[in-house]
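Quick mapping for you: the protein sequence lines, in order, are chains A and B.
In terms of the numbering used here, the first sequence has 81 at position 81, counting the first letter as 1, and numbering is strictly consecutive.
In terms of the numbering used here, the second sequence has 22 at position 22, counting the first letter as 1, and numbering is strictly consecutive.
2 protein chains.
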Amino acid sequence: MPVPPTVKLALVDDHTLFRKGLISLIEMVSSNYTIVFEADNGLDLQQKLNSDNQPDIILMDINMPGMDGFASVQWLNEHFPLIKILVVSMIEKEETIVKMLKLGVKGYLCKDVEPKELGEALNAIMNKGFYYTDFITGKLVHSLQNGQDASAKAEALNLMNDREKVFLQLACSEFTYNEIAAKMFLSPKTIDGYRNSLFEKLNVKSRVGLALYAVKHGLVQL
Amino acid sequence: MPVPPTVKLALVDDHTLFRKGLISLIEMVSSNYTIVFEADNGLDLQQKLNSDNQPDIILMDINMPGMDGFASVQWLNEHFPLIKILVVSMIEKEETIVKMLKLGVKGYLCKDVEPKELGEALNAIMNKGFYYTDFITGKLVHSLQNGQDASAKAEALNLMNDREKVFLQLACSEFTYNEIAAKMFLSPKTIDGYRNSLFEKLNVKSRVGLALYAVKHGLVQL
DNA sequence: GATTGATACAGGATTTTTCCTGTATTTACT
DNA sequence: AGTAAATACAGGAAAAATCCTGTATCAATC
Chain A
1 MPVPPTVKLA LVDDHTLFRK GLISLIEMVS SNYTIVFEAD NGLDLQQKLN
51 SDNQPDIILM DINMPGMDGF ASVQWLNEHF PLIKILVVSM IEKEETIVKM
101 LKLGVKGYLC KDVEPKELGE ALNAIMNKGF YYTDFITGKL VHSLQNGQDA
151 SAKAEALNLM NDREKVFLQL ACSEFTYNEI AAKMFLSPKT IDGYRNSLFE
201 KLNVKSRVGL ALYAVKHGLV QL
Chain B
1 MPVPPTVKLA LVDDHTLFRK GLISLIEMVS SNYTIVFEAD NGLDLQQKLN
51 SDNQPDIILM DINMPGMDGF ASVQWLNEHF PLIKILVVSM IEKEETIVKM
101 LKLGVKGYLC KDVEPKELGE ALNAIMNKGF YYTDFITGKL VHSLQNGQDA
151 SAKAEALNLM NDREKVFLQL ACSEFTYNEI AAKMFLSPKT IDGYRNSLFE
201 KLNVKSRVGL ALYAVKHGLV QL
């Protein structure tokens with residue numbers, strides 16, 4: 001039976017106590033993990049990480065002074081894209097989770113999980129390449145359906161009337177306003193009015209702004 | 001001990017043999033499932049489904065003549081949003097999977113899974129509300145990172161030179177071309193040239209088209 | 001040394017977009 | 001009946017976007 005190769009870990013978290021606790025937990029769970037270094041934020045990480053002590057997995061907090069988890073992950077993606085990242089945060093907000101997943105992190109744990117799950121997560125990341133719990137997957141799929149911010153979308157839709165919504169759809173295209181007017185059986189001058197009204201309501205200044213607003217809020221499907 | 005309430009299922013698949021096979025499997029796995037009806041495509045489903053025989057879960061194929069899985073799910077979302085959908089398809093393409101997840105399906109199984117997993121999926125959907133395997137989750141997260149079509153994005157980026165890329169970024173805003181020219185330290189006429197060149201390369205006809213192309217291909221982050 | 005291609009730029013015209021002010025009609029409310 | 005709000009529309013003008021043709025520079029290629 002081959003000896004399992006030891007997995008190298010690094011921790012990035014501004015709470016010393018939490019870091020130390022994690023380490024003792026990890027050592028308790030299994031002996032084939034080595035902590036190569038600890039850092040208490042992204043800047044510290046940049047200092048301590050070099051090509052000689054590259055960990056396999058970095059356990060990353062999000063809320064940190066100096067350089068937070070998002071910036072740290074982005075930096076790692078650029079400079080050490082092979083290092084796998086497991087987020088360990090107290091934040092359970094959908095937006096935060098999705099943002100991190102978009103950055104390519106391999107797992108996301110809340111700080112209150114059972115120690116056992118931490119072991120499973122590290123294991124899965126080494127073997128399968130990722131560890132996403134049902135909770136995370138649920139958030140992700142949910143965000144997928146509602147574009148992103150369902151309330152923002154609803155709010156946006158609430159601002160306009162039905163004709164304006166139709167107009168907005170057509171404005172997100174290469175039709176001229178004259179063509180749009182024809183399609184809606186209205187005078188170009190009425191279209192003028194819709195546009196001005198939406199400019200004010202949505203706080204944009206040009207047709208491009210209108211289109212970008214619409215896609216940002218999931219009001220048009222590309 | 002309470003009797004578990006029977007779960008009502010419906011099948012939508014154009015292959016009779018596969019449908020019958022599925023049914024016998026389900027009956028073998030557990031006795032608390034009832035098949036309320038079968039349909040061999042979306043149109044047939046619309047005929048057979050009414051408010052009296054609403055299933056809890058619909059097992060849905062994708063490739064079907066007449067009305068396919070996508071159209072069927074969209075129709076169900078509009079008319080019977082409470083019915084949970086479990087896709088059972090041979091298609092393993094990321095784009096297809098993600099498209100279905102965006103439509104809010106509660107699970108996605110490939111037709112070659114073990115019978116046991118079908119039972120688990122149905123169970124999970126009834127209890128947790130969804131069933132996403134690691135395979136599906138992996139595809140989803142992967143698509144999330146690469147925007148959508150990584151190759152299409154790369155191809156698009158390949159079409160333009162660096163200055164044009166910068167211009168495109170700035171064009172996706174409410175700046176006028178004069179302002180963009182100032183920001184890029186170029187003559188407005190040069191900006192004119194970039195625009196015309198991109199119009200041709202990206203096959204669009206207006207600045208709005210330019211902006212929509214950019215977001216569609218993940219070239220600008222909103 | 002001539003040619004080609006890419007890049008930055010101009011003049012000038014046309015179309016589209018944006019903006020401002022103002023009117024007629026309808027509906028709803030007092 | 002009188003008023004207010006919403007809706008559809010106009011005239012007219014300024015700004016921005018679009019389009020076409022043409023030139024100058026530079027670097028690479030033959």
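Cβ coordinates follow ideal geometry from the N, Cα and C atoms, glycine included.
Computed from a prediction, not measured in an experiment: that's the story for all the values here.
8 Å Cβ cut-off: residues of chain A touching residue i
| i | result |
| --- | --- |
| valine 208 of chain B | Ala171, Cys172, Ser173, Glu174, Arg207, Val208 and Ala211 |
Partner residues on chain B for residue i, Cβ-Cβ distance less than 7 Å
| i | result |
| --- | --- |
| valine 204 of chain A | Glu174 |
| threonine 137 of chain A | Tyr132 and Thr137 |
| glutamine 47 of chain A | Per Cβ cutoff of 7 Å: no residues; glutamine 47 of chain A is ~27 Å from chain B at best. |
Contact belief for residue i with residue j at Cβ below 8 Å, rounded distance in angstroms
| i | j | result |
| --- | --- | --- |
| glycine 66 of chain A | methionine 60 of chain A | Not quite, the Cβ-Cβ distance comes to about 14 Å (not below 8 Å), so this is no contact. |
| methionine 100 of chain A | aspartate 56 of chain A | That belief does not hold up - the Cβ atoms of methionine 100 of chain A and aspartate 56 of chain A are roughly 19 Å apart, past 8 Å. |
| valine 98 of chain B | leucine 140 of chain B | 6 Å |
| isoleucine 85 of chain B | isoleucine 58 of chain B | 5 Å |
| valine 7 of chain A | leucine 122 of chain A | 7 Å |
Backbone secondary structure at residue i - three-state DSSP
| i | result |
| --- | --- |
| valine 73 of chain A | helix |
| valine 88 of chain A | strand |
| valine 113 of chain B | coil |
| glycine 107 of chain B | strand |
| phenylalanine 18 of chain A | helix |
| glutamine 47 of chain A | helix |
| methionine 67 of chain B | coil |
| aspartate 52 of chain A | coil |
| proline 188 of chain A | helix |
| histidine 217 of chain B | coil |
| asparagine 161 of chain B | coil |
| leucine 222 of chain B | coil |
| phenylalanine 167 of chain B | helix |
| threonine 137 of chain B | helix |
| lysine 183 of chain B | helix |
| asparagine 203 of chain B | coil |
| lysine 93 of chain A | coil |
| serine 173 of chain B | coil |
Contact list for residue i against chain A, beta-carbon separation under 7 Å
| i | result |
| --- | --- |
| glycine 104 of chain B | Gln145 |
| leucine 101 of chain B | Val141 and Leu144 |
Under 8 Å by beta carbon: chain B residues contacting residue i
| i | result |
| --- | --- |
| lysine 216 of chain A | Leu222 |
Inter-residue spacing [alpha-carbon to alpha-carbon] between residue i and residue j
| i | j | result |
| --- | --- | --- |
| leucine 45 of chain A | histidine 15 of chain A | 14 Å |
| serine 173 of chain B | phenylalanine 199 of chain A | 14 Å |
| alanine 71 of chain B | phenylalanine 135 of chain A | 29 Å |
| asparagine 158 of chain B | glutamate 120 of chain B | 45 Å |
| lysine 93 of chain B | lysine 102 of chain B | 14 Å |
| glycine 104 of chain A | aspartate 13 of chain A | 19 Å |
| glutamate 38 of chain A | methionine 64 of chain A | 14 Å |
| isoleucine 180 of chain A | leucine 170 of chain A | 6 Å |
| leucine 186 of chain B | valine 166 of chain B | 12 Å |
| asparagine 178 of chain B | lysine 128 of chain B | 55 Å |
| glutamate 117 of chain A | leucine 22 of chain A | 12 Å |
| valine 208 of chain B | arginine 207 of chain A | 7 Å |
| asparagine 203 of chain A | glutamine 221 of chain A | 21 Å |
| leucine 76 of chain A | lysine 48 of chain A | 13 Å |
| leucine 11 of chain A | lysine 106 of chain B | 35 Å |
| threonine 34 of chain A | leucine 144 of chain A | 37 Å |
| tyrosine 213 of chain B | phenylalanine 130 of chain A | 32 Å |
| arginine 19 of chain B | aspartate 52 of chain B | 22 Å |
| tyrosine 132 of chain A | leucine 25 of chain A | 21 Å |
| glutamine 74 of chain B | tyrosine 108 of chain B | 16 Å |
| glycine 193 of chain A | threonine 176 of chain A | 15 Å |
| asparagine 161 of chain B | lysine 183 of chain A | 37 Å |
| glycine 138 of chain A | isoleucine 83 of chain B | 18 Å |
| leucine 210 of chain A | alanine 154 of chain B | 27 Å |
| alanine 156 of chain B | isoleucine 91 of chain B | 27 Å |
Identity of the residues DSSP links to residue i by a beta bridge
| i | result |
| --- | --- |
| leucine 59 of chain B | B:Leu11 and B:Leu86 |
| alanine 39 of chain A | A:Val12 |
| tyrosine 131 of chain A | A:Gly107 |
| tyrosine 33 of chain B | B:Val7 |
Interface partners of residue i on chain B, CB under 9 Å
| i | result |
| --- | --- |
| lysine 128 of chain A | Asp134 and Gly138 |
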